[in-house]
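Participant: So the sequences go chain by chain: Z and V. Heads up, the first sequence is in the working numbering, so the first residue is 6 and it goes up one at a time. Heads up, the second sequence is in the working numbering, so the first residue is 6 and it goes up one at a time. Note that CB positions come from ideal geometry on N, CA and C, so glycine has one too. Treat the numbers as computed from the prediction; the structure is a model and nothing was measured.
Protein chains: 2
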Amino acid sequence: MNKETKLKYNEYRKIIDEHLDKYIGVFYPESIYESMRYSVLSGGKRLRPVIAMETASLFGVQIENIIPIACAIEMLHCQSLIHDDLPCMDNDDYRRGKLSNHKVFGEATATLAGDALLSYAPKIIIDNTHNVNSEIILRVLKEFFLAAGVDGIISGQIVDIDSEKKEISKETLEFIYEYKTAKLFQLAVRSGAILGSASDSQLDCLTLYAKYYGHAFQIYDDILDVTSTLEDLGKTPGKDADVQKSTYVSMYGMKQAKDQVLFLCERACDILNSNNIKSEILVEIVSDLAEGVKKCY
Amino acid sequence: MNKETKLKYNEYRKIIDEHLDKYIGVFYPESIYESMRYSVLSGGKRLRPVIAMETASLFGVQIENIIPIACAIEMLHCQSLIHDDLPCMDNDDYRRGKLSNHKVFGEATATLAGDALLSYAPKIIIDNTHNVNSEIILRVLKEFFLAAGVDGIISGQIVDIDSEKKEISKETLEFIYEYKTAKLFQLAVRSGAILGSASDSQLDCLTLYAKYYGHAFQIYDDILDVTSTLEDLGKTPGKDADVQKSTYVSMYGMKQAKDQVLFLCERACDILNSNNIKSEILVEIVSDLAEGVKKCY
């Protein structure tokens, strides 16, 4: 990412961090709020909310109108990580370089903190999105629930878990990547675009961009699971092999996985170009991914 | 409940059952939909959605406008039961006379089915509430998220779990009953009333009614936990004593617990009477509770 784009990215990120901190206070019973804050304020890259903010800005949305939605998307992402890390799911002890939520607060509180975030996030949107037509807010909320539920990450996670220790088809793998990963990126671009009254064709184009980016992102994640360390990754590497999970890497081999990331990155940028959507950030997060993969060759 | 009121109650209940069945289809990946359906279509009394429908009808709301909200409230109730029953929480094997969700589908799917319902419910409201002003829908959604999250059942459950094997204050017990139980009844009356553009004082009065009813309901539940069988109760009795949970019964004794239920039931009816809110169903569900307790003397 070039210096100027990096600066803009970090400005967005700072706004997100400040608002997440502000939105989630600590009240009685403290443990639930502390558990929510532990995972939400854990210093992630804030990729999804930054994408939402950048997309909204492309359509002239005032920054204060997209902030609550961007924060809600990050809360949803954190909710899915807390629950995915539970012993009954992926049983992961580390996340973003820290102990996972249930290792610190226990399984009951971690489960409830995830549940709490699922209600807290849309409430943040309703409470803090001012000067936006109610129909538009309802449209964004619907996108949120689609991505959060059986039309989104839940189905991705279910099929992912069901696929452990099993041969799966290429279509099933595609489904997992689409639902478990791409849907949240799609939510990010779509929320920003809907708030900015984007046309249907602009919405389609951004959705396709997020699909390519999401798939590339997940394959890269699979590659790093093989090649990386706990320190670099912030979570336990080698998990996929441990639970005999089929990934793009295990099904197609490392070389083809890397090639596919580069191919998808190219398509993601092409779709922006050919639709005249000009965003340094949207282009450069894709380039960063491609650069990362190239280093693995 | 007299015959005529019972008939009306069962009419509501039938509408709820039919719509819950219709709203939750089965698609790929089937296991998550089946897990959701298993708990939602498990033949509960549908008390909360019936209360929502009855309250809405008092304010002249067309029945088709309250149905999606009533169903969403039942889904939320089921979500809380699925997660409460998990081994890391109350670890209950039975619910509504059947094996609990995780005993049939496993912990991972049960956790995800609960998560899924939390997004599915508000999506049902947005998709199916037609001819209602968007501001009103947003107001109802906000009530939903308040009841579902840290301002509602989540905080009730956290404090409940934290209170096991501990002496707790009367205030803490009140908090648990208020948040874990009363908040969902309050959501039911408030949603119906908001949809019917009730005045603030009517809203306050119904909220207070639901508070008294909710507390009475929970104390009665504690009494039944001591006096009832698995067959009658549909869930494992004696759980509170097993985990050394403080309840109204353990803290005040059985006699005072029963007296308190009757006292709260009287206050619930009084508040309706003195505010001229005339509903056979709202009165008779309270009477039924009082009758049930009288049989325990």
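Taking the Cβ atom as the reference point for each residue, do Ile210/V and Ile276/V lie within a distance shorter than 9 Å?
Facilitator: The residue asked about is misnamed: residue 210/V is Cys in this sequence, not Ile. Their beta carbons are under 9 Å apart, which means Cys210/V touches Ile276/V by this criterion.
Participant: Determine the chain Z residues that contact Tyr257/V at a beta-carbon separation under 9 Å, and present them in chain order.
Facilitator: Within chain Z, no residue comes near Tyr257/V; the closest Cβ sits about 23 Å away, beyond 9 Å.
Participant: If Glu79/Z and Leu25/Z are in contact, beta carbons under 8 Å, what's the gap, nearest whole angstrom?
Facilitator: Their Cβ separation, rounded to whole angstroms, is 6 Å, which keeps Glu79/Z and Leu25/Z in contact under 8 Å.
Participant: Output the distance between the C-alpha atoms of Asp156/Z and Gly197/Z, rounded to the nearest integer angstrom.
Facilitator: If I take the Cα positions, the gap works out to 20 Å.
Participant: Measure the alpha-carbon distance for Ile181/Z versus Ala152/V and round it to whole angstroms.
Facilitator: So the alpha carbons of these two residues sit roughly 32 Å apart.
Participant: If contact means a Cβ-Cβ distance below 7 Å, which residues of the stretch 84-108 of chain Z contact chain V?
Facilitator: Those residues of the stretch 84-108 of chain Z that come within reach of chain V (Cβ to Cβ, closer than 7 Å) are His88, Leu91, Cys93 and Met94.
Participant: For the alpha helix (DSSP H) containing Val66/V, list its first residue and its last residue.
Facilitator: Looking at the DSSP string, Val66/V is not in any alpha helix (DSSP H), and its letter there is neither H nor E.
Participant: Could you list which residues in chain Z have their beta carbon closer than 7 Å to that of Met150/V, in chain order?
Facilitator: Met is not the amino acid found at residue 150/V; the sequence shown has Phe there. Going along chain Z in sequence order, the residues near Phe150/V (Cβ under 7 Å) are Ser124, Pro127 and Lys128.
Participant: Quick one: give me the first and last residue of the alpha helix (DSSP H) that Gln162/Z is part of.
Facilitator: It spans Ile158 to Asp167 - the alpha helix (DSSP H) in which Gln162/Z sits, taken as one unbroken run.
Participant: Should the stretch 186-200 of chain V be called in touch with the stretch 254-269 of chain V, which here means at least 3 C-beta pairs below 8 Å?
Facilitator: The stretch 186-200 of chain V is not in contact with the stretch 254-269 of chain V.
Participant: Could you compute how far the alpha carbon of Gly30/Z sits from the alpha carbon of Glu148/V?
Facilitator: Cα to Cα, Gly30/Z sits roughly 19 Å from Glu148/V.
Participant: The alpha helix (DSSP H) that contains Pro127/V, what's its start and end?
Facilitator: It spans Glu112 to Asn133 - the alpha helix (DSSP H) in which Pro127/V sits, taken as one unbroken run.
Participant: Under 8 Å Cβ to Cβ from Ile129/V, same chain only, skipping five residues before and after it: list those, please.
Facilitator: Tyr28, Pro73, Cys76, Ala77 and Met80.
Participant: For the alpha helix (DSSP H) that contains Asp2/Z, what are its first and last residues?
Facilitator: Residue coverage of chain Z in this structure runs from 6 to 302, which leaves residue 2/Z outside it and unanswerable.
Participant: Taking buried to mean at least 16 other C-beta atoms within 10 Å of its own C-beta, is Gln249/V buried or exposed?
Facilitator: Burial call: exposed.
Participant: With Leu52/Z and Ile286/Z assumed to form a contact (beta carbons below 8 Å), what rounded beta-carbon distance in angstroms separates them?
Facilitator: Contact doesn't hold; Cβ gap of about 10 Å is too wide.
Participant: Per DSSP, which one or two residues make a beta bridge with Lys103/Z?
Facilitator: Lys103/Z pairs with Arg100/Z.
Participant: Is it the case that the Cβ atoms of Lys240/V and Arg100/V are separated by a distance below 9 Å?
Facilitator: Contact: yes.
Participant: Alpha carbon to alpha carbon, what distance is there between Gly154/Z and Tyr125/Z?
Facilitator: Taking the straight line from one Cα to the other gives about 15 Å.
Participant: I think Lys127/V touches Phe150/Z, with their Cβ atoms under 8 Å apart; what is that distance to the nearest whole Å?
Facilitator: Looking at the sequence itself, residue 127/V is Pro, so the reference to Lys does not match. That belief holds up - the Cβ atoms of Pro127/V and Phe150/Z are roughly 6 Å apart, short of 8 Å.
Participant: Report yes if the C-beta of Met58/V is less than 8 Å from at least one heavy atom of the ligand SAH; otherwise report no.
Facilitator: Absent from the structure shown: the ligand SAH. Ligands present: none.
Participant: Would you call the stretch 111-124 of chain V in contact with the stretch 41-52 of chain V, where contact means no fewer than 3 C-beta pairs closer than 8 Å?
Facilitator: In short, these stretches touch, since the Cβ pair count reaches three.
Participant: Going by alpha carbons, who is nearest to Ile159/Z out of Ala273/V, Ile37/V and Gly161/V?
Facilitator: For the residues Ala273/V, Ile37/V and Gly161/V, the minimum Cα distance to Ile159/Z belongs to Ile37/V.
Participant: Interface residues of chain Z around Thr186/V at Cβ under 8 Å?
Facilitator: Those within 8 Å of Thr186/V in chain Z number zero; the least Cβ separation is about 16 Å.
Participant: Taking Ala187/V as part of the alpha helix (DSSP H), name the residues at either end of that continuous run.
Facilitator: First-last for Ala187/V: undefined, no H or E at that position.
Participant: Report the three-state DSSP secondary structure of Ile282/Z (helix, strand or coil).
Facilitator: Looking at Ile282/Z - three-state DSSP - the assignment turns out to be coil, as it is neither helix nor strand.
Participant: Taking 7 Å as the limit between beta carbons, can you name the residues of its chain near Thr177/V, skipping five residues before and five after?
Facilitator: Taken in chain order, the residues that qualify are Val164 and Ser168.
Participant: For the alpha helix (DSSP H) containing Gly1/Z, list its first residue and its last residue.
Facilitator: No information on residue 1/Z is available, as it lies outside the stretch 6 to 302 that chain Z covers here.
Participant: Tell me the DSSP secondary structure of Pro73/V in three-state form.
Facilitator: Note: Pro73/V maps to helix in three-state DSSP.
Participant: So, helix, strand or coil for Gly201/V, using DSSP?
Facilitator: Note: Gly201/V maps to coil in three-state DSSP.
Participant: Going by other Cβ atoms of all chains shown within 10 Å of its Cβ, with 16 needed for buried, is Asp90/Z buried or exposed?
Facilitator: Buried, by the Cβ-count rule.
Participant: Kindly give me the distance between the Cβ atoms of Leu294/Z and His220/Z, rounded to whole angstroms, as I take these residues to be in contact under 8 Å.
Facilitator: Contact doesn't hold; Cβ gap of about 11 Å is too wide.
Participant: Mind checking if Ser139/Z is an interface residue toward chain V, Cβ cutoff 9 Å exclusive?
Facilitator: Judged by the 9 Å Cβ criterion, Ser139/Z is in contact with chain V.
Participant: Compute the Euclidean distance between the alpha carbons of Asn281/V and Leu229/V, then round it to the nearest angstrom.
Facilitator: Between Asn281/V and Leu229/V, the C-alpha separation is close to 32 Å.
Participant: In the DSSP assignment, find the alpha helix (DSSP H) that holds Asn15/Z and state where it starts and stops.
Facilitator: Asn15/Z -> alpha helix (DSSP H) spans Lys8 to Tyr28.
Participant: Here's the rule: buried if 16 or more other CB atoms are within 10 angstroms of the residue's CB, otherwise exposed. What is Asn278/Z?
Facilitator: The residue is exposed, with fewer than 16 neighbouring Cβ atoms inside 10 Å.
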